[in-house]
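Student: Structure in structure tokens, see below.
There are 2 protein chains.
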Amino acid sequence: MSLSELKETLTAKGLKITPQRLALLEALENNQHPTADNIIGYIRQNHPNIAIGTVYKTLETFVEKGIIKKVKTEKDVMRYDAITDNHHHLYCSESDRIEDYFDEELNQLLTSYFAQKQIPGFQIEDVKLQILGKFKNEN
Amino acid sequence: MSLSELKETLTAKGLKITPQRLALLEALENNQHPTADNIIGYIRQNHPNIAIGTVYKTLETFVEKGIIKKVKTEKDVMRYDAITDNHHHLYCSESDRIEDYFDEELNQLLTSYFAQKQIPGFQIEDVKLQILGKFKNEN
DNA sequence: TTCTTAAACAAGAATTATTCTCATATAAGA
DNA sequence: TCTTATATGAGAATAATTCTTGTTTAAGAA
Chain A
1472 MSLSELKETL TAKGLKITPQ RLALLEALEN NQHPTADNII GYIRQNHPNI
1522 AIGTVYKTLE TFVEKGIIKK VKTEKDVMRY DAITDNHHHL YCSESDRIED
1572 YFDEELNQLL TSYFAQKQIP GFQIEDVKLQ ILGKFKNEN
Chain B
1472 MSLSELKETL TAKGLKITPQ RLALLEALEN NQHPTADNII GYIRQNHPNI
1522 AIGTVYKTLE TFVEKGIIKK VKTEKDVMRY DAITDNHHHL YCSESDRIED
1572 YFDEELNQLL TSYFAQKQIP GFQIEDVKLQ ILGKFKNEN
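These protein sequence lines map, in sequence, to chains A and B. Using the numbering used here, the letters of the first sequence map in sequence onto residues 1472 to 1610. Using the numbering used here, the letters of the second sequence map in sequence onto residues 1472 to 1610.
Structure follows, in structure tokens:
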């Protein structure tokens, strides 16, 4: 995203434009499913004084505004996902690697399945797959 | 589960039978997707001296042995699931409630879908749905 | 049954991720 | 340029989890 697009992302959500928030957005674009710590390390390369609290606070703000999402994991470190389109996640069973998985055919299959089959006492808002397995290539 | 079944669960995995481990198993049977803290509170009703570290250590052991599983969440408290059969999870979008969802038809649909459609560079081991939404009834 | 020993436990200290506090700085509209 | 609500930096505080150490105990051997 260009600088002006990053700024537009913020103003569209009613957020002030600050260097820290722009750095966060840029970091989120360039790191896949990062932890807060990943982001801090990345940002401090160019912006050494950013405070840890600011990063956490800003991530929280972005989640509230729907700019990013939290990723569910079995670890006690939170991870974030800058992509908010409907997609699924591939979880490595041997490491902490997580990749996005886009599959429109699957989305439609799920949509039609749950359109026809209700879950008693539950109103579905979103369905996501956690696909556990092994990546064949290193990365 | 009867006491002898609980004991068999442990010996089958090569674990020594201890009162603490039996209490853990019983707590896990009677609490849905509990946190470590939930379990400690439950066990201390009858077993006031169990140490927090023992609960964490034992949960870790049970996960390693496949007796229970960790449940992925967006919170920084771990939750556990005593049911290791293939099933999915319903996550409440407004609270921390999580329920199990069993659907054999869905499992077969997913199995046949991924039998036919490979994910490039990825070997699937397990597929689980995270179903986000609202519970209609309180509980 | 008693003995032996590796494994498990209790208690509390240590660690780590995250949140909070508050004084200062700054974005954005007037 | 001024004003003010909001954001930030720095570091303290918190909460979940892990680690350490001395003691106890389960389970097989004698």
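A virtual CB, placed ideally from N, CA and C, is assigned to each residue, including glycine.
Does the stretch 1512-1522 of chain B come within contact of the stretch 1564-1578 of chain B, defined as at least 3 CB pairs closer than 8 angstroms?
Tutor: Below 8 angstroms, too few C-beta pairs join the stretch 1512-1522 of chain B and the stretch 1564-1578 of chain B to call them touching: fewer than three.
Student: Spatial neighbours of Ala1553/B within its chain, please: CB distance less than 7 angstroms, with the 5 preceding and 5 following residues excluded, ordered by chain position.
Tutor: Leu1499, Glu1500, Ile1539
Student: Any idea which residues DSSP pairs Leu1561/A with across the strands?
Tutor: Glu1570/A, Ile1602/A
Student: Using 8 angstroms as the limit for Cβ to Cβ distance, is Asp1556/B near chain A?
Tutor: no
Student: Using a cut-off of 8 angstroms between C-beta atoms, extract the partners of Asn1461/A located in chain B.
Tutor: Outside the modelled stretch of chain A, which goes from 1472 to 1610, sits residue 1461/A, for which no answer is possible.
Student: Any heavy atom of the ligand MN closer than 7 angstroms to the beta-carbon of Asn1578/A?
Tutor: The ligand MN is not among the ligands present in this structure, which contains no ligands whatsoever.
Student: Which same chain residues end up closer than 8 angstroms to Leu1481/A when comparing Cβ atoms and leaving out the 5 residues on each side of it in sequence?
Tutor: Apart from the 5 residues on each side of it in sequence, Leu1481/A sits with its Cβ closer than 8 angstroms to the Cβ of Lys1487, Ile1488, Arg1492, Leu1493, Leu1496 in its chain, given in chain order.
Student: Could you check which residue in Glu1535/A, Ala1586/A, Asn1578/A has the C-alpha nearest to that of Lys1484/A?
Tutor: Selected option, being the one with the closest Cα: Glu1535/A.
Student: Would you say Thr1582/B faces chain A, with C-beta separation under 8 angstroms as the test?
Tutor: Closer than 8 angstroms: no.
Student: For the 8 angstroms Cβ check, are there 3 or more pairs between the stretch 1579-1587 of chain A and the stretch 1544-1551 of chain A?
Tutor: no
Student: In chain A, which residues lie with their C-beta within 7 angstroms of the C-beta of Val1598/B?
Tutor: Leu1600, Ile1602
Student: When the Cα atoms are used, what is the spatial distance from Ala1507/B to Glu1479/A?
Tutor: 43 angstroms
Student: Taking 8 angstroms as the CB-CB cut-off, is Leu1499/B touching chain A?
Tutor: no
Student: Just how far apart, CA to CA, sit Glu1565/B and Ile1595/B?
Tutor: Approximately 31 angstroms between the Cα atoms of the pair.
Student: Buried or exposed for Gln1579/A, going by 16 or more other Cβ atoms inside 10 Å?
Tutor: exposed
Student: Identify every run of the beta strand (DSSP E) within the stretch 1486-1531 of chain B, keeping only runs that are complete inside it and at least 3 residues long; order them along the chain.
Tutor: none
Student: Alpha carbon to alpha carbon, how far is Leu1581/B from His1558/A?
Tutor: Approximately 16 angstroms between the Cα atoms of the pair.
Student: By how many angstroms is the C-alpha of Ile1514/B removed from the C-alpha of Tyr1551/A?
Tutor: 35 angstroms
Student: So which of His1504/A, Gly1512/A, Gly1604/A, Gln1503/A has the shortest CA-CA distance to Cys1563/A?
Tutor: Gly1604/A
Student: How about Phe1606/B and Phe1593/A: are their beta carbons less than 8 angstroms apart?
Tutor: yes
Student: What separation, rounded to the nearest whole angstrom, lies between the Cα atoms of Gly1537/B and Lys1528/A?
Tutor: Between Gly1537/B and Lys1528/A, the C-alpha separation is close to 37 angstroms.
Student: Using a beta-carbon distance cut-off of less than 8 angstroms, what residues from the stretch 1519-1530 of chain A approach chain B?
Tutor: none
Student: If you measure from the beta carbon of Leu1577/A to each beta carbon in chain B, is any gap under 8 angstroms?
Tutor: yes
Student: Return no unless some Cβ of chain B is closer than 8 angstroms to the Cβ of Thr1482/A.
Tutor: Output row for Thr1482/A: interface = no.
Student: Measuring only the C-alpha atoms, how far is Asp1556/A from Thr1532/B?
Tutor: 37 angstroms
Student: Residue range of the beta strand (DSSP E) that Lys1629/B falls in?
Tutor: In this structure chain B extends from 1472 to 1610, so residue 1629/B is not present and cannot be described.
Student: Kindly indicate which residue of Leu1477/A, His1504/A, Pro1490/A, Ser1473/A has the alpha-carbon position closest to the one of Asp1567/A.
Tutor: For Asp1567/A, the nearest C-alpha among the options comes from His1504/A.
Student: Could you compute how far the alpha carbon of Ile1590/A sits from the alpha carbon of Asn1509/B?
Tutor: 27 angstroms
Student: In chain order, what residues of the same chain lie with their CB nearer than 6 angstroms to the CB of Leu1561/B, ignoring the 5 residues before and after it?
Tutor: Glu1570, Tyr1572, Ile1602
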